[in-house]
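Asks:
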Amino acid sequence: MGGETTVAIGNISCQVDAGEFVSFVGPSGCGKTTLLMSIAGLIAPTAGKILVKGRAVNGPPPNLVLVFQEFNKSLFAWRSVLGNVLFGLDARGKKVRESEGKAKALIELVGLKGFESHYPWELSGGMQQRVAIARALAYEPEVLLMDEPFGSLDALTRLELEDTLLRLWEELATTILFITHDIEEAIYLSDRIWVLSRRPSEIIEELWIDFPRPRHQVTTRAEGRFMEIRNQIYKQISNENTA
Amino acid sequence: MNEPSKFNWTGWLVFGLFLLLWECGSRASPKLQLYIPPVSQIVVALSHLIVSGQVTTHLLTTMRRFLEGYLLAAAIAVTVGVALGYFRFAHSLTEMLIEFLRPMPSVAIIPVAILLLGIGDGMIVAVTVYASTWPILVNTIDGVRHIERTLIDTGRTFGLARRRILWQIVLPAASPYIVTGLRVSLSIALILVTTAEMIAGNKGLGFFILDEERSLQSSNMYAGIILVAALGYVLNRLFVVLQEKAMKWRRGMVAREGL
Numbered sequence: 001m002g003g004e005t006t007v008a009i010g011n012i013s014c015q016v017d018a019g020e021f022v023s024f025v026g027p028s029g030c031g032k033t034t035l036l037m038s039i040a041g042l043i044a045p046t047a048g049k050i051l052v053k054g055r056a057v058n059g060p061p062p063n064l065v066l067v068f069q070e071f072n073k074s075l076f077a078w079r080s081v082l083g084n085v086l087f088g089l090d091a092r093g094k095k096v097r098e099s100e101g102k103a104k105a106l107i108e109l110v111g112l113k114g115f116e117s118h119y120p121w122e123l124s125g126g127m128q129q130r131v132a133i134a135r136a137l138a139y140e141p142e143v144l145l146m147d148e149p150f151g152s153l154d155a156l157t158r159l160e161l162e163d164t165l166l167r168l169w170e171e172l173a174t175t176i177l178f179i180t181h182d183i184e185e186a187i188y189l190s191d192r193i194w195v196l197s198r199r200p201s202e203i204i205e206e207l208w209i210d211f212p213r214p215r216h217q218v219t220t221r222a223e224g225r226f227m228e229i230r231n232q233i234y235k236q237i238s239n240e241n242t243a
Numbered sequence: 244m245n246e247p248s249k250f251n252w253t254g255w256l257v258f259g260l261f262l263l264l265w266e267c268g269s270r271a272s273p274k275l276q277l278y279i280p281p282v283s284q285i286v287v288a289l290s291h292l293i294v295s296g297q298v299t300t301h302l303l304t305t306m307r308r309f310l311e312g313y314l315l316a317a318a319i320a321v322t323v324g325v326a327l328g329y330f331r332f333a334h335s336l337t338e339m340l341i342e343f344l345r346p347m348p349s350v351a352i353i354p355v356a357i358l359l360l361g362i363g364d365g366m367i368v369a370v371t372v373y374a375s376t377w378p379i380l381v382n383t384i385d386g387v388r389h390i391e392r393t394l395i396d397t398g399r400t401f402g403l404a405r406r407r408i409l410w411q412i413v414l415p416a417a418s419p420y421i422v423t424g425l426r427v428s429l430s431i432a433l434i435l436v437t438t439a440e441m442i443a444g445n446k447g448l449g450f451f452i453l454d455e456e457r458s459l460q461s462s463n464m465y466a467g468i469i470l471v472a473a474l475g476y477v478l479n480r481l482f483v484v485l486q487e488k489a490m491k492w493r494r495g496m497v498a499r500e501g502l
């Protein structure tokens, strides 16, 4: 199509362990989404290699699924909540007979019991993203990629969903790779945070977050170290923006 | 917003007055009566035709040709449309050809069809297929091209093969457009069947209408016209009922977006 090509991602070399919750934070437009799409096998990197469970990514890996920021564009409008979640099970190759009970259990797990037969447009944004998460979990992924999943939700809904996500992560023991531009969200959720530079993005900082789990929206965020880490990351990102 | 449940009294009143005017006008002038018989006479002729079974084969023939042509067109147009919408390259190859053929009034193809296929059933079904293909084809292409990239990527991240992405995501996502095309083609198919029957063949409602006109049986001719109109109406209602059922998910969504 012509136009200039932009190098979205520079030298990034990193490794996520099984069961970890890792976040990328970085200034907007730093190529976070490009990075995640590459890991998901939805776009092919021009150079470099991505391995998931030791296998090179060449097309979408079978044990990994991506949750998009734009849940309203990602959900199937012609399927009910139950239908959307059943899709995840169907894609995994589950038999229809055993699926329905499992789908209903997942819907309950994300807090949508009673909304099984609703269509996505009948739900609020937060509820829609819950459906998208349930659908992704129905696929039983070993790795869950999340591209600013709560980016378009209001602040309160966002906090609620953060806690739901942590609960599910602890229960199902999946590895989560999370992208956000919300520094505090990253600290609250993660075991580890990578701070990205502007494009071509590179990792400029790696931080281990060792607040005890289960975390709590009030007490965890009230810890003195929470603010220290936040300010440290903020300075790095704002330096990037003015540099 | 219209409320379909409310009975339109004034509309029916105007319609009734129109029929009354027709009846009186026709009775007042014997000359006019030859070409435009009173409504009551047409109704009588129609019931005679139905009771005697004189129009049954014509009606059934027209219905069969319509169904064959319409369903064949739908199958072809949806298949080709999905392919052309999905593969950009195929679309750019065929775009000019489609834009050249589509705006041509399809009845103009009837002489060509007669040359190639004769004046039998095949010709009538063929021109029906030809004419009703375009709206479905163009709408399907449009619908597939308008699908959000994210929706396809969702299918891919869930590991769906291309075939399943087509069946489970592309087709349902494009279905509102496809249904629009199907609805437009419904009327077109009936127009083409009737027209082709008037030009060629010795069966069908189109043939019947023209035949009665030539035998100066104007009441029968009008009765035939009413039958075609009724057929069109019933088919349209049937379509709407099926559409409401199949597109239930869409109705509320559109209503909400329309606010």
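Protein chains in written order, with the working numbering: chain A, 1 to 243; chain B, 244 to 502. Heads up, the beta-carbon is just placed ideally off N, CA and C, and yes, glycines get one too.
1) Quick one: Cα of I352(B) to Cα of I362(B), how far?
2) For R192(A), write down the residues that DSSP places opposite it in a beta bridge.
3) With DSSP as the reference, please indicate the residues paired to L276(A) in a beta bridge.
4) Quick one: what does DSSP say A473(B) is sitting in, helix, strand or coil?
5) Got a sec, what are the start and stop residues for the alpha helix (DSSP H) S99(A) sits in?
6) Is the stretch 67-83 of chain A close to the stretch 132-141 of chain A, with three or more CB pairs under 8 Å?
7) Can you list the residues of chain B that F178(A) reaches, using a CB-CB cut of under 8 Å?
8) Taking one C-beta from the stretch 217-231 of chain A and one from the stretch 40-60 of chain A each time, how about it: are there three or more such pairs within less than 8 Å?
9) Ignoring anything shorter than 4 residues, give me the alpha helix (DSSP H) runs that lie fully in the stretch 257-324 of chain B, in order along the chain.
10) Do we get a CB-CB distance below 8 Å when we pair G363(B) with the residues of chain A?
11) If the criterion is Cβ atoms closer than 8 Å, does the pair S190(A) and V16(A) meet it?
12) With a cut-off of 8 Å on the beta carbons, I'd call L425(B) and I379(B) a contact; round off their distance for me.
13) Using 10 angstroms around the beta-carbon of K32(A), count the other beta-carbons present and answer buried if the total reaches 16, otherwise exposed.
14) Which residues does DSSP pair with L51(A) in a beta bridge?
15) Comparing the C-beta of R388(B) with each C-beta of chain A, is any distance below 8 Å?
16) Listing by chain order, which chain B residues have their CB less than 8 Å from the CB of G88(A)?
17) DSSP state of S38(A), grouped into three classes?
18) Does any residue of chain B have a CB that is nearer than 8 Å to the CB of G2(A)?
19) Are the CB atoms of I187(A) and I179(A) nearer to each other than 8 Å?
20) In this structure, does DSSP put I452(B) in helix, strand or coil?
21) Whole angstroms are fine: how far does the CA of V355(B) sit from the CA of K488(B)?
22) Give the residues from the stretch 56-74 of chain A that approach chain B closer than 7 Å (Cβ to any Cβ), ordered along the chain.
23) Below 8 Å, how does it come out for the stretch 122-133 of chain A and the stretch 160-169 of chain A: are there three or more Cβ pairs, yes or no?
24) On a Cα-Cα basis, can you pick out the residue from H181(A), I209(A), P212(A) and A103(A) that is closest to R198(A)?
25) Closer than 7 Å by beta-carbon distance: list the chain B residues that pair up with A77(A), in chain order.
26) Measure the alpha-carbon distance for I245(A) versus L172(A) and round it to whole angstroms.
Replies: According to the data block:
1) For I352(B) and I362(B), the gap between their C-alpha atoms comes out near 13 Å.
2) DSSP lists V22(A) and W208(A) as partners of R192(A).
3) This structure leaves residue 276(A) out entirely; chain A is present only between 1 and 243.
4) Of the three classes helix, strand and coil, the one that applies to A473(B) here is helix, per DSSP.
5) The continuous alpha helix (DSSP H) containing S99(A) extends over residues V96 to L109.
6) Segments in contact, yes.
7) Neighbours of F178(A) in chain B, taken as residues whose beta carbon is under 8 Å from its own, are absent, since the nearest beta carbon is some 16 Å off.
8) These segments do not touch.
9) Complete alpha helix (DSSP H) runs here, min 4: 273-278 and 282-295.
10) No, because no Cβ of chain A sits closer than 8 Å to the Cβ of G363(B).
11) Not closer than 8 Å, so no.
12) Taking a contact as a CB-CB distance under 8 Å, the pair L425(B) and I379(B) counts as one, their CB atoms being some 6 Å apart.
13) Within 10 angstroms of the beta-carbon of K32(A) lie 16 or more other beta-carbons, which makes it buried.
14) In DSSP, L51(A) forms a bridge with A56(A).
15) R388(B) does not count as touching chain A.
16) Within 8 Å Cβ-Cβ: F401.
17) In the structure shown, S38(A) sits in a helix (DSSP, three-state: H, G or I).
18) A caution first: G2(A) carries a pLDDT of 38, below 50, which makes its placement in the model too unreliable to give a value.
19) Result no, Cβ atoms of I187(A) and I179(A) do not sit closer than 8 Å.
20) I452(B) sits in a helix when the DSSP states are folded into three classes.
21) Whole-angstrom Cα-Cα distance: 39 Å.
22) Those would be P60, P62, V65, L66, F68, E70, K73 and S74, in chain order.
23) Flag = yes, the stretch 122-133 of chain A and the stretch 160-169 of chain A touch.
24) Restricting attention to H181(A), I209(A), P212(A) and A103(A), the CA atom closest to the CA of R198(A) is found in H181(A).
25) Those within 7 Å of A77(A) in chain B are W492 and M496.
26) Residue 245(A) lies beyond the range of chain A shown here (1 to 243); nothing can be said about it.
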